[in-house]
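From first to last, the protein sequence lines are chains A and B.
Going by our numbering, the first sequence opens with residue 115, and the numbers climb by one from there.
Going by our numbering, the second sequence opens with residue 460, and the numbers climb by one from there.
Note sheet for the following structure.
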Amino acid sequence: MSLFTAEHLHKRFGDQVVLEDVSLAFESGAVSGIMGPNGAGKSTCFNVLTGLHRPDRGRVTFDGEDITGLAPDEIARRGVSRSFQIMTLFDEFTALENILVALPEVRRGLGRPFWQPRADAEAIEEAREVLAQVGLEGRAGTPAAALPYGERRALEIAVALAARPRIVFLDEPTQGLGTEGRARLSALIRELRHRYTLVIIEHDMGFLFGLADRISVIHWGQVIAEGTPGALRAKDRVRAAGPGRTP
Amino acid sequence: MLTARGKVPLVTRQMLVFFALLFSYPLWASAVGLYDYIGVEIAIWIIYALGYNLLLGYTGLPSFGHGAFLGIGAYAYGLSQLDLSGGVWIGLLLAVCAATAAAGLVACFLSHRRGIYFALMTIAFGQIFWFVAIKWHGVTGGEDGLLNVLRPELGLGVASISLKSNTTLYYFAAALLAVIVVILWRVLHSPFGAAIQAIRMNETRARFLGYRVWLIKWSVFTLSGAFAGLAGGLFCLTQESAYPDVMSLHASGFVVMMTLIGGGFVSFWGPVVGVIVFFLARDLLGSVTEAWLLWYGLLFMAVMLFEPEGVAGAWGRIAARLGSQKVAAPAAGKEAST
């Protein structure tokens, strides 16, 4: 059974249909890709899957449980984590602090009485490990706002990983990155795929084709093609829909 | 903010400096032309402003009706003295409880709001409480308020002290303020403190990390109401009266201006500075002209235009320019200290 599924999702804003009968399934341990041109409904799809929008119709399940219509924080606490296309960091916090607030035990520490000392050493140790995973171990003390763009992108992903998720949704992680940055990110995701279940939105076909186990192509709010990169490469329709760079 | 810089000390070096000034104040006040009573006022308003800054500076939620909770604290204390004559401690406890309850109730309506909607609703609620205070003659005494709330003896278990003298009252208020400073510092360096700052910087991300944002907003609003209630109780104790004016919109605006002038967004100590500036301005400008608020308002506008991070922000920059980055500059930022 798939770890995360969407069944027949419909979503409209006003009289604009954004998602029409979208069904997706993401397997545990795999890298899944969602591809499509800008405005195809990819981000709306992510927002429905992670609880920002409630679907008009359809069902979302995680680990066999129906999570349709749950609030984003409830879905997050179940182990669904995400990054954002538009950078969503805690800018005045240092890189390490960004990770720290994302750690589940720090979040759960909220209910602890304020006068009790906290077992911080472990949390800090873990936060450093997460930073190291994305190659930012040397930037622990730098405020997020002061990091160069590529490192902010990496931190954006690291914050999502710090939540110790069972599935991670990455929304256009290559947004704004140059060729070199994309190559580095691609290497990073290759590392992460051994440890995490990943779902990546991307309009750059080349990027996804090299990484994903399975790709779903969304166009005009519908899934128009699905399969392994090899199978999709053969299909002309995909090329028609994808304005991105070909590999 | 959080814990990344190792253990959070219970009392920091900046606190020691502050406490030294605070508790020695009656010794040097008259030498610089000040007096004990203004010290009491300043101590009370610092409690109020520090609690308020939890909301404005740390969580980024602008409340423009916070005077309501100061007022409710004052009325609760006053009523406890007039109707129950329960003494200072009971009175202050009731003040805190009443303000906390009111803030908790209001927060239920606010915790799902942000930005301008949040701000407008705080004004609306502030006005409701103010109106009730004026109209509910039987309880609040209407526009006159509660009068002749005499200062009782302060029971300390083994002995009791008269608070009739302003000097004694000052030491009492200063002691409470010191405790509040330690508590607030601790709260801000707890996971809760990290969470409220995370919400200020990026509410969406906090929510997607699993934080129950509305609950945290509710808690911080209620908590800051509690501090306002304590300040209100002390206010009534000091003034020997409680009246609707402290709940009015312009009085609620004072605490906002104090926090901003001092630099509540960049420093824990911002509100402290802001309160001192306000009261000094009131006394110094007020001795020259009745229209001192006009000048204070102009000062506020000048600060917002040229130094939006307030006195603390300016201080932080000057300290940095003097090359003292290595030594953590006092008030140079929430992070500067340990």
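Each residue gets a CB set at the ideal place from its N, CA and C atoms; glycine is no exception.
Rounded to a whole number of angstroms, what is the C-alpha to C-alpha distance between B:Thr-718 and B:Tyr-511? Answer to the nearest angstrom: the Cα atoms are 8 Å apart.
Should B:Trp-504 be labelled buried (16 or more other beta-carbon atoms within 10 Å of its own) or exposed? B:Trp-504 is classed as buried because its beta carbon has at least 16 other beta carbons within 10 Å across all chains shown.
Under the three-state reduction of DSSP, which class applies to A:Arg-296: helix, strand or coil? Three-state DSSP puts A:Arg-296 in a helix.
Does the beta carbon of A:Glu-203 come closer than 8 Å to any beta carbon on chain B? The sequence given here has Leu at residue 203 of chain A, not Glu. Yes, A:Leu-203 lies at the interface with chain B (some Cβ there is under 8 Å from its Cβ).
Using a Cβ-Cβ cutoff of 9 Å, what residues of the region 163-182 of chain A are near chain B? List them in chain order. Among the residues of the region 163-182 of chain A, those with a Cβ less than 9 Å away from any Cβ of chain B are Thr-164, Gly-165, Leu-166, in the order of the chain.
Chain-order list of residues whose beta-carbon lies under 6 Å from that of B:Trp-754 (same chain, five-residue window excluded): Closer than 6 Å at Cβ, skipping near neighbours: Leu-744.
Short of 7 Å Cβ to Cβ, which residues in the region 635-661 of chain B face chain A? Here the close residues are Arg-645, Val-646, Ser-649, Pro-650, Phe-651, Ala-653, Ala-654, Ala-657, Met-660, Asn-661.
So the beta strand (DSSP E) A:Gln-130 belongs to, where does it begin and stop? A:Gln-130: member of the beta strand (DSSP E) spanning 130-140, first to last residue.
The alpha helix (DSSP H) enclosing B:Leu-615, as first and last residue numbers: No alpha helix (DSSP H) contains B:Leu-615, which DSSP labels as neither H nor E.
Can you give me the C-alpha to C-alpha distance between A:Asp-177 and A:Gly-147, rounded to a whole angstrom? The alpha-carbon atoms of A:Asp-177 and A:Gly-147 are separated by roughly 19 Å.
Taking only beta carbons into account, state which residues of the region 664-691 of chain B come closer than 8 Å to chain A, listed in chain order. So the list reads Arg-664, Ala-665, Arg-666, Phe-667, Leu-668, Gly-669, Tyr-670, Arg-671, Val-672, Ile-675, given in the order they occur along the chain.
Should B:Cys-695 go down as buried or exposed, given a rule of 16 or more other Cβ atoms within 10 Å for buried? Buried, because 16 or more other Cβ atoms sit within 10 Å of the Cβ of B:Cys-695.
Drop a sphere of 10 angstroms on the beta-carbon of B:Gln-473, count the other beta-carbons inside from all chains shown, and report buried for 16 or more, exposed for fewer. Per the 10 Å Cβ criterion, buried.
Below-8 Å beta-carbon distance, A:Asp-187 vs any chain B residue: A:Asp-187 counts as touching chain B.
Alpha carbon to alpha carbon, what distance is there between A:Gly-324 and B:Met-660? Looking at the two C-alpha atoms, the distance is approximately 35 Å.
Cross-strand partners of A:Leu-163 (DSSP beta bridge): Paired residue(s): none; A:Leu-163 is not in a bridge.
Could you tell me the alpha carbon to alpha carbon distance between A:His-317 and B:Leu-509, rounded to whole angstroms? Between the alpha carbons of A:His-317 and B:Leu-509 lies a gap of roughly 48 Å.
May I ask you to report which of helix, strand or coil DSSP gives B:Thr-681? Assignment of B:Thr-681 by DSSP, reduced to helix, strand and coil, places it in the helix class.
Among residues of its own chain, excluding the 5 on either side of B:Val-672, which ones have a beta-carbon nearer than 7 Å to its beta-carbon? The residues are Ile-658, Glu-662, Ala-665, Arg-666.
Taking the continuous beta strand (DSSP E) assigned at A:His-122, which residues delimit it? Here the beta strand (DSSP E) through A:His-122 covers 118-127.
Which residues of chain B have a Cβ atom closer than 7 Å to the Cβ of A:Gly-223, listed in chain order? Near A:Gly-223 (Cβ distances below 7 Å), the residues of chain B are Pro-650.
What does the alpha-carbon distance come out to for the pair B:Gly-729 and B:Leu-636? C-alpha separation (whole angstroms): 15 Å.
Can you tell me which of the three DSSP states A:Ala-339 falls into? Strand at A:Ala-339.
Check whether A:Tyr-310 and A:Pro-279 have beta carbons under 8 Å apart: The Cβ-Cβ distance between A:Tyr-310 and A:Pro-279 falls below 8 Å.
Could you tell me how far apart the beta carbons of B:Thr-581 and B:Phe-523 are, in whole angstroms, since I believe they sit closer than 8 Å? That belief holds up - the Cβ atoms of B:Thr-581 and B:Phe-523 are roughly 5 Å apart, short of 8 Å.
From A:Val-282 to A:Val-313, what distance separates their C-alpha atoms? Taken atom to atom, the span from the alpha-carbon of A:Val-282 to that of A:Val-313 is near 6 Å.
Can you find a C-beta in chain B that's less than 8 Å from the C-beta of A:Ser-262? Checking the displayed sequence, the identity of residue 262 of chain A turns out to be Pro instead of Ser. No, because no Cβ of chain B sits closer than 8 Å to the Cβ of A:Pro-262.
Using beta carbons (cut-off 8 Å, strictly below), is A:Phe-207 in contact with chain B? Yes, contact with chain B.
Of all Cβ atoms in chain B, is any one closer than 8 Å to the Cβ of A:Pro-218? Answer yes: the Cβ-Cβ gap between A:Pro-218 and chain B drops below 8 Å somewhere.
I need the boundaries of the beta strand (DSSP E) containing A:Asp-170, first residue and last residue. Neither: A:Asp-170 is in no beta strand (DSSP E) and is coded neither H nor E.
For B:Val-736, three-class secondary structure by DSSP: Looking at B:Val-736 - three-state DSSP - the assignment turns out to be helix.
Measure from the alpha carbon of A:Gly-290 to the alpha carbon of each residue in A:Ala-301, A:Ala-268, A:Ile-303, then state which is nearest. For the residues A:Ala-301, A:Ala-268, A:Ile-303, the minimum Cα distance to A:Gly-290 belongs to A:Ala-268.
Would the beta-carbon of B:Asp-495 fall within 8 Å of that of B:Asn-625? Less than 8 Å divides the Cβ of B:Asp-495 from the Cβ of B:Asn-625.
Can you give the Cα-Cα distance for A:Met-149 and A:Glu-270, rounded to whole angstroms? In this structure, the CA atom of A:Met-149 is about 20 Å from the CA atom of A:Glu-270.
Taking all protein chains shown into account, decide if B:Val-640 is buried (16 or more other Cβ within 10 angstroms of its Cβ) or exposed. Looking at its Cβ environment, which holds 16 or more other Cβ atoms inside 10 Å, B:Val-640 is buried.
Distance, Cα to Cα, B:Arg-570 vs B:Gly-712? Residue identity check: residue 570 of chain B is Ser in the sequence provided, not Arg. A straight-line Cα-Cα distance of about 21 Å links B:Ser-570 and B:Gly-712.
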